[in-house]
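Colleague: Protein chains in written order, with the working numbering: chain X, 1 to 262; chain Y, 1 to 262; chain S, 1 to 262; chain H, 1 to 262.
Built from N, CA and C at the ideal position, the CB exists for glycine as well.
Let me begin by handing over the structure; questions about it come next.
Protein chains: 4
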Amino acid sequence: MRTLLALVALTLCFPAAPGLAQALSDVSPALLEDIALGSRILAEFGVVDGFGHVSARHPTNPNHFLMSRSLAPALVTADDIMEFDLDGNAVDARGRSLFLERFIHAEIYKARPDVMSVVHTHSPGVIPFSVSKTPLRPLFHNAAFLAGGVPVWDIAKEFGSTDMLVRDSGIGKSLARTLSDKPVVLMRGHGDVTVGPDVKIAVFRAYYTDVNARLQSQAIGLGTEVTYLGADEGAKADAINLAVIDRIWNLWKQRVQPGLGK
Amino acid sequence: MRTLLALVALTLCFPAAPGLAQALSDVSPALLEDIALGSRILAEFGVVDGFGHVSARHPTNPNHFLMSRSLAPALVTADDIMEFDLDGNAVDARGRSLFLERFIHAEIYKARPDVMSVVHTHSPGVIPFSVSKTPLRPLFHNAAFLAGGVPVWDIAKEFGSTDMLVRDSGIGKSLARTLSDKPVVLMRGHGDVTVGPDVKIAVFRAYYTDVNARLQSQAIGLGTEVTYLGADEGAKADAINLAVIDRIWNLWKQRVQPGLGK
Amino acid sequence: MRTLLALVALTLCFPAAPGLAQALSDVSPALLEDIALGSRILAEFGVVDGFGHVSARHPTNPNHFLMSRSLAPALVTADDIMEFDLDGNAVDARGRSLFLERFIHAEIYKARPDVMSVVHTHSPGVIPFSVSKTPLRPLFHNAAFLAGGVPVWDIAKEFGSTDMLVRDSGIGKSLARTLSDKPVVLMRGHGDVTVGPDVKIAVFRAYYTDVNARLQSQAIGLGTEVTYLGADEGAKADAINLAVIDRIWNLWKQRVQPGLGK
Amino acid sequence: MRTLLALVALTLCFPAAPGLAQALSDVSPALLEDIALGSRILAEFGVVDGFGHVSARHPTNPNHFLMSRSLAPALVTADDIMEFDLDGNAVDARGRSLFLERFIHAEIYKARPDVMSVVHTHSPGVIPFSVSKTPLRPLFHNAAFLAGGVPVWDIAKEFGSTDMLVRDSGIGKSLARTLSDKPVVLMRGHGDVTVGPDVKIAVFRAYYTDVNARLQSQAIGLGTEVTYLGADEGAKADAINLAVIDRIWNLWKQRVQPGLGK
């Protein structure tokens with residue numbers, strides 16, 4: 001209904017902007033819906049609060065990506081998704097306000113052709129690790145993707161004293177370099193970025209990075225030696241997680257769309 | 001109503017599959033309902049998230065057990081319960097997807113004739129203990145069943161580097177051996193398994209193993225000596241817990257079936 | 001409506017039991033309601049789960065007290081309240097099941113004429129302190145009532161290895177002796193008991209004992225010296241808390257009676 | 001609707017009290033609504049429980065301020081807001097009960113002409129820091145406003161053994177002196193006060209002071225060195241937070257007004 005009204009509004013108010021309709025017309029409603037669901041799922045579980053964002057690479061134009069207008073993640077719907085180029089320019093802004101940190105996404109899509117989705121959070125489990133000398137490591141199999149190591153990016157290393165935000169392409173490039181070929185990078189005093197071959201997996205990784213961080217804090221608190229997943233265990237367990245992701249995604253979907261699927 | 005529709009659907013769609021109807025026809029609806037309730041209760045309290053499962057031994061055929069098709073625990077209903085033999089084969093799969101780790105259940109039912117229900121969780125309270133040298137011990141009477149000791153099973157001991165999953169009978173047998181005659185076994189970097197003489201008790205144990213683990217973490221954090229329940233206290237207190245289990249089960253039932261019983 | 005039906009049921013089913021109606025007829029509906037509200041409030045905030053109970057001394061017969069039949073605290077209504085003498089005997093049981101640990105209440109009412117309400121919980125904040133050598137102490141003014149010291153009662157001291165429960169008058173007497181003239185006593189490996197001059201205050205104390213315990217754990221975790229309220233500060237701050245208790249009680253009431261008062 | 005009824009009631013019941021209507025008639029409904037929303041938002045997120053309050057300086061009379069009658073923060077509506085002078089006197093009390101600690105607000109408005117809103121909480125994240133020698137410091141950019149240092153005010157320093165409350169102008173002045181030119185002051189064994197150039201920012205600061213305190217506790221618990229935001233980073237990041245505050249405020253507003261804005 002809301003979508004219908006939005007389309008009517010679009011038709012009525014922007015008769016001269018066929019470019020936009022064309023641009024997003026290449027994108028399946030299912031992908032727009034996944035981006036919106038991912039935002040709302042991470043909000044539902046407290047991995048994001050009023051800040052954070054989920055994006056996807058454009059399915060037919062790999063030099064563009066899709067991301068909500070500036071909006072709290074809990075409120076994002078498919079109608080809020082906009083299209084951007086890899087310099088962070090909106091294809092058709094129409095006065096909508098943009099996320100300042102869209103350069104996180106743009107530069108990672110540039111640097112990592114394998115990445116089809118990017119998530120940025122202020123995950124409360126992760127932030128303590130982002131400011132600590134204690135490395136984040138996987139201690140259970142759902143977080144197996146952490147087994148290759150989790151780099152920590154400190155904006156101050158390259159840019160000195162800043163407002164901590166990834167507000168331009170240069171800062172985004174630096175972050176993408178630290179991420180390297182990994183699925184997760186922590187941002188000192190800020191949060192993290194997770195990436196994946198689709199939206200579900202990038203969201204899954206954002207969720208389980210947060211969970212693993214909390215569990216690792218508790219394990220360290222027990223005061224005795226902690227056994228982490230080995231690199232080989234990590235690789236094997238991650239493959240399985242990816243294979244069963246629909247089971248948890250469908251659950252999460254129902255949590256944020258109470259009227260559906262039940 | 002949903003059950004009724006499902007039965008109608010079964011009658012309409014599977015006229016040639018009387019075997020299945022026959023197999024589950026020996027099972028009381030109350031038992032199917034308890035398995036489904038147990039799944040949803042553990043999800044409601046965060047003891048399981050998208051993963052984990054509850055099973056019961058078949059009431060008239062001790063070489064079979066009952067367990068949901070592959071589904072997030074919060075979504076399991078009585079209609080989703082399937083029947084398996086102790087090699088983990090579905091009696092009548094009809095294309096439904098199966099939990100990969102059903103061998104946890106199969107091998108414990110084989111090894112432990114006293115066990116009538118098995119629960120597997122990724123309990124967030126428990127995982128830190130599964131990777132720590134600090135043993136899980138009962139510090140309050142509701143977790144008295146832990147007083148006989150809580151073994152930790154490390155899949156790597158016998159199987160080296162794996163994907164951490166109990167994906168066949170051999171691995172299940174190894175886990176069942178470590179469980180031995182205890183009510184709970186921790187799985188390193190994975191979660192736990194609890195067992196009991198009925199579904200309610202196995203679920204109660206999964207819940208209070210999680211609670212006790214969190215409380216023990218906090219008690220250790222206070223930095224002074226902790227007093228645990230003695231073995232004899234544990235045995236005596238456990239007997240009482242089992243006697244009053246309906247009080248908490250009825251509460252939990254209302255939490256996950258808001259329309260009923262109020 | 002439920003109350004009305006219950007009364008009708010009473011009239012229809014127990015025409016020969018005028019004694020009961022007479023016994024509870026001296027009790028204002030407001031007091032019965034406060035006992036039920038107190039139970040549901042403590043359940044709402046997780047201070048009790050499936051176990052725990054709230055009682056009040058009988059307003060006109062100081063040798064009797066009022067307490068729910070055996071029921072999870074979240075489910076208690078005014079209709080569930082029964083009357084007991086100070087030996088723990090139900091005045092008119094009519095087949096209803098009784099809380100095993102009613103002797104906690106009976107013996108405290110015997111020993112402490114000033115006490116008009118008793119609450120027993122398995123407060124998750126408190127349990128770690130009940131098994132630790134670290135004493136529970138007030139670190140903020142809402143928990144000022146703890147400033148006189150919080151005794152810990154260990155059932156094993158006097159009774160050796162038990163099932164941990166206060167299942168008779170002798171054990172209840174021992175607990176009441178350790179409580180002495182204080183408002184709170186911890187029970188090793190079990191929970192706590194709080195008392196007060198009315199139901200609201202006993203419930204307030206159960207709630208803030210739990211909150212203070214959690215905050216104290218966190219303060220200790222910071223690793224530097226902690227400043228607690230002095231005894232004199234405690235006495236003065238407690239007087240104020242008691243004076244403004246209706247503000248928080250009215251809030252809590254609305255939380256557990258969503259349809260009312262808004 | 002409720003507001004309308006209240007106005008009708010006012011008109012009907014207090015025809016002889018035009019002074020009040022006049023006093024609040026200078027205040028926009030939006031400001032009254034923000035004060036009420038701020039109270040309910042902080043309650044929704046557990047930053048306040050039954051205690052705590054949000055105020056705003058009067059928009060046209062800088063020597064007056066606006067604050068709810070004594071009421072649990074979760075229940076405050078625009079109709080509950082009253083007007084006070086800077087000695088803490090109600091302009092038109094009409095028998096409504098007043099917050100005892102309104103002198104916190106009065107004396108800060110006196111001492112800090114830049115402050116347009118004051119929030120007082122018993123923030124559970126903050127209380128452990130208020131009694132610890134460990135200073136609260138910003139470890140992520142949303143709490144950048146803490147970078148100038150967070151003073152701790154101990155009522156006992158100047159007033160000896162008290163009931164811990166800011167119950168008169170003299171105690172309020174002492175607190176305002178310790179706050180000095182900062183945005184946040186902790187109160188030993190009690191909670192905190194945050195201030196800002198408008199209600200949204202003072203509420204934002206109360207929320208993120210609580211969040212930062214919890215994250216800092218966890219970071220300290222990891223047992224290795226913690227990197228905090230530098231003073232210059234803090235100043236720069238705070239400027240950005242203030243610029244994007246509407247994104248999170250609109251989210252919070254929807255959380256406490258479920259029927260609106262969706």
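Give a yes or no on whether the minimum CB-CB distance between H:GLN218 and chain X is below 8 Å.
Modeller: As a first step, residue 218 of chain H is located in the fourth sequence; it is residue number 218 there, counting from the start. Chain X contact via Cβ: present.
Colleague: Along chain S, in chain order, which residues have C-beta atoms closer than 8 Å to that of H:THR134?
Modeller: Taking the first residue of the fourth sequence as position 1, residue 134 of chain H is located at position 134. Within 8 Å Cβ-Cβ: LEU222, GLY223, THR224.
Colleague: For a contact defined as C-beta to C-beta under 7 Å, what are the partners of S:PRO59 on chain Y?
Modeller: Residue 59 of chain S sits at position 59 when you count from the first residue of the third sequence. The premise fails here: S:PRO59 is roughly 28 Å from chain Y at the closest Cβ pair, so nothing lies under 7 Å.
Colleague: On the criterion of 16 or more Cβ atoms from any shown chain inside 10 Å, does S:ALA243 qualify as buried, or is it exposed?
Modeller: To locate residue 243 of chain S, count along the third sequence from 1; it is residue 243. Exposed, because fewer than 16 other Cβ atoms sit within 10 Å of the Cβ of S:ALA243.
Colleague: If you draw a straight line from the alpha carbon of Y:SER161 to that of X:GLY230, how long is it in whole angstroms?
Modeller: Numbered from 1 along the second sequence, position 161 holds the residue referred to as residue 161 of chain Y. Numbered from 1 along the first sequence, position 230 holds the residue referred to as residue 230 of chain X. One C-alpha to the other measures close to 8 Å.
Colleague: Taking the alpha carbon of S:VAL150 as the reference point, which residue from S:LEU179, S:ASP163, S:VAL48, S:LEU139 has its own alpha carbon closest?
Modeller: As a first step, residue 150 of chain S must be located in the third sequence, where it is residue number 150. The option with the nearest alpha carbon to S:VAL150 is S:LEU179.
Colleague: At a CB distance below 7 Å, what residues from the region 183-194 of chain S approach chain Y? Give them in sequence order.
Modeller: Hits within the stretch, in order: ARG188, GLY189, HIS190.
Colleague: Quick check: the region 125-142 of chain X against the region 179-196 of chain X, are there 3 or more CB pairs under 8 Å?
Modeller: Segments in contact, yes.
Colleague: Return no unless some Cβ of chain S is closer than 8 Å to the Cβ of Y:THR227.
Modeller: The sequence position of residue 227 of chain Y within the second sequence is 227, counting from 1. Taking Cβ atoms only, chain S reaches closer than 8 Å to Y:THR227, which makes this a yes.
Colleague: Check the Cβ of X:THR162 against every Cβ in chain H and list those closer than 7 Å, keeping chain order.
Modeller: Taking the first residue of the first sequence as 1, we reach residue 162 of chain X at position 162. Chain H residues near X:THR162: GLU233, LYS236.
Colleague: Out of X:ASP168, X:PHE99, X:LEU42, which has the shortest C-alpha to C-alpha gap to X:LEU71?
Modeller: What you label residue 71 of chain X is simply residue 71 of the first sequence in a count that begins at 1. With distances taken between Cα atoms, X:LEU71 lies closest to X:PHE99.
Colleague: What's the gap between the Cα of Y:GLY221 and the Cα of Y:GLY125?
Modeller: The residue labelled residue 221 of chain Y in the question sits at position 221 within the second sequence. The residue labelled residue 125 of chain Y in the question sits at position 125 within the second sequence. Spanning the two alpha carbons is a distance of roughly 14 Å.
Colleague: Between which two residues does the beta strand (DSSP E) holding X:LEU66 run?
Modeller: Your numbering for residue 66 of chain X matches position 66 in the first sequence. Per DSSP, X:LEU66 belongs to the beta strand (DSSP E) from 64-68.
Colleague: Could you check what DSSP says for H:ASP168 in three-state terms: helix, strand or coil?
Modeller: Against the fourth sequence, residue 168 of chain H aligns to sequence position 168. Of the three classes helix, strand and coil, the one that applies to H:ASP168 here is coil, per DSSP.
Colleague: Determine the direct distance from the alpha carbon of H:ASP92 to that of H:GLN22, and round the result to whole angstroms.
Modeller: By one-based count along the fourth sequence, residue 22 of chain H stands at place 22. By one-based count along the fourth sequence, residue 92 of chain H stands at place 92. Reliability of the predicted coordinates at H:GLN22 is poor, the pLDDT of 47 falling under 50, and no value is obtained from them.
Colleague: Going by DSSP, name the residue or residues bridged to Y:GLU83.
Modeller: Mapped onto the second sequence, residue 83 of chain Y falls at position 83. Answer is Y:LEU66.
Colleague: Using a C-beta to C-beta distance shorter than 7 Å, which residues of chain S count as neighbours of Y:ALA213?
Modeller: The sequence position of residue 213 of chain Y within the second sequence is 213, counting from 1. Per Cβ cutoff of 7 Å: no residues; Y:ALA213 is ~12 Å from chain S at best.
Colleague: Just to confirm, does S:SER55 get its C-beta within under 7 Å of one of the non-hydrogen atoms of the ligand ZN?
Modeller: Here there are no bound small molecules, and the ligand ZN is not part of this structure.
Colleague: Going by C-alpha to C-alpha distance, which of X:PHE51, X:PHE65, X:ASP114 sits closest to X:ASP26?
Modeller: Along the first sequence, one-based indexing puts residue 26 of chain X at 26. Comparing Cα positions, the closest option is X:PHE65.
Colleague: Give the DSSP-derived three-state secondary structure of H:ASP26 in the structure shown.
Modeller: Taking the fourth sequence and counting its residues from 1, the one referred to as residue 26 of chain H is at position 26. If DSSP states are grouped into helix, strand and coil, H:ASP26 belongs with coil.
Colleague: Just to make sure I have the definition right: I need the residues of chain S whose C-beta is within less than 8 Å of the C-beta of Y:ARG247. Which are they?
Modeller: In the second sequence, counting from the first residue as 1, residue 247 of chain Y sits at position 247. Simply GLY50, PHE51, SER70, LEU71, ALA72.
Colleague: Considering only C-alpha positions, which residue in the set H:ALA111, H:ASP80, H:VAL226, H:ASP163 is nearest to H:ILE35?
Modeller: As a first step, residue 35 of chain H must be located in the fourth sequence, where it is residue number 35. With distances taken between Cα atoms, H:ILE35 lies closest to H:ASP80.
Colleague: Quick check: is the beta carbon of X:ILE35 nearer than 8 Å to any beta carbon in chain H?
Modeller: Counted from its first residue, the first sequence places residue 35 of chain X at position 35. No, X:ILE35 lies away from the interface with chain H (no Cβ there is under 8 Å from its Cβ).
Colleague: Determine the burial state of H:ALA30: buried for a count of at least 16 other Cβ atoms within 10 Å of its Cβ, exposed for fewer.
Modeller: Position 30 of the fourth sequence, counted from the first residue, corresponds to residue 30 of chain H. Counting Cβ neighbours within 10 Å, H:ALA30 comes out exposed, since fewer than 16 surround it.
Colleague: Apart from the five residues just before and just after Y:SER169, which ones in its own chain have a Cβ nearer than 8 Å to its Cβ?
Modeller: Stepping through the second sequence from its first residue, residue 169 of chain Y is reached at position 169. Within the same chain, Y:SER169 has close Cβ partners ASP87, GLY88, PHE103, ALA106, GLU107.
Colleague: Tell me the DSSP bridge mates of X:ALA90?
Modeller: Position 90 of the first sequence, counted from the first residue, corresponds to residue 90 of chain X. Answer by DSSP bridge pairing, in chain order: X:PHE84.
Colleague: Along chain Y, in chain order, which residues have C-beta atoms closer than 8 Å to that of S:HIS122?
Modeller: Taking the first residue of the third sequence as position 1, residue 122 of chain S is located at position 122. Near S:HIS122 (Cβ distances below 8 Å), the residues of chain Y are PHE140, ASN142.
Colleague: With 16 as the cutoff for other CB atoms within 10 Å, does S:GLY95 come out buried or exposed?
Modeller: The sequence position of residue 95 of chain S within the third sequence is 95, counting from 1. S:GLY95 is exposed by the Cβ-count criterion.
Colleague: With H, G and I counted as helix, E and B as strand and the rest as coil, what does DSSP make of Y:VAL126?
Modeller: Against the second sequence, residue 126 of chain Y aligns to sequence position 126. The answer is coil: DSSP assigns Y:VAL126 none of H, G, I, E or B.
Colleague: Please report how far the alpha carbon of S:GLY52 lies from the alpha carbon of S:ALA43, in whole angstroms.
Modeller: Within the third sequence, residue 52 of chain S is the residue found at index 52, counting from 1. Within the third sequence, residue 43 of chain S is the residue found at index 43, counting from 1. Taking the straight line joining both Cα atoms gives about 9 Å.
Colleague: Would you please verify whether the beta carbon of X:GLN22 is less than 8 Å from any beta carbon of chain Y?
Modeller: The residue you call residue 22 of chain X lines up with position 22 of the first sequence. Note that X:GLN22 has pLDDT 48, beneath the 50 cutoff, so the model's placement of it is unreliable and the number below is only indicative. False, the Cβ-Cβ gap to chain Y never drops below 8 Å.
Colleague: Go ahead and label Y:TRP252 buried or exposed: buried means 16 or more other beta carbons lie within 10 angstroms of its beta carbon, across all protein chains shown.
Modeller: Here residue 252 of chain Y is taken as the residue at index 252 of the second sequence, counted from 1. Answer is buried; the Cβ neighbour count reaches 16.
Colleague: Short of 7 Å in beta carbon distance, which residues of its chain neighbour H:VAL48, apart from the five on each side in sequence? Order them along the chain.
Modeller: Here residue 48 of chain H refers to the residue found at position 48 of the fourth sequence. Contacts found: LEU42, PRO73, THR121, HIS122.
Colleague: Quick check: what's the CA-CA separation for H:ARG167 versus X:SER39?
Modeller: As a working mapping, residue 167 of chain H is identified with position 167 in the fourth sequence. As a working mapping, residue 39 of chain X is identified with position 39 in the first sequence. Going from the Cα of H:ARG167 to the Cα of X:SER39 covers about 45 Å.
Colleague: So, with DSSP's three-state summary, where would you put H:VAL47?
Modeller: Counting from one through the fourth sequence, the residue named residue 47 of chain H turns up at place 47. Three-state DSSP puts H:VAL47 in coil, outside helix and strand.
Colleague: Rounded to whole angstroms, what is the Cα-Cα separation between H:VAL199 and H:ALA56?
Modeller: For this step, residue 199 of chain H is matched to residue 199 along the fourth sequence. For this step, residue 56 of chain H is matched to residue 56 along the fourth sequence. The alpha-carbon atoms of H:VAL199 and H:ALA56 are separated by roughly 6 Å.
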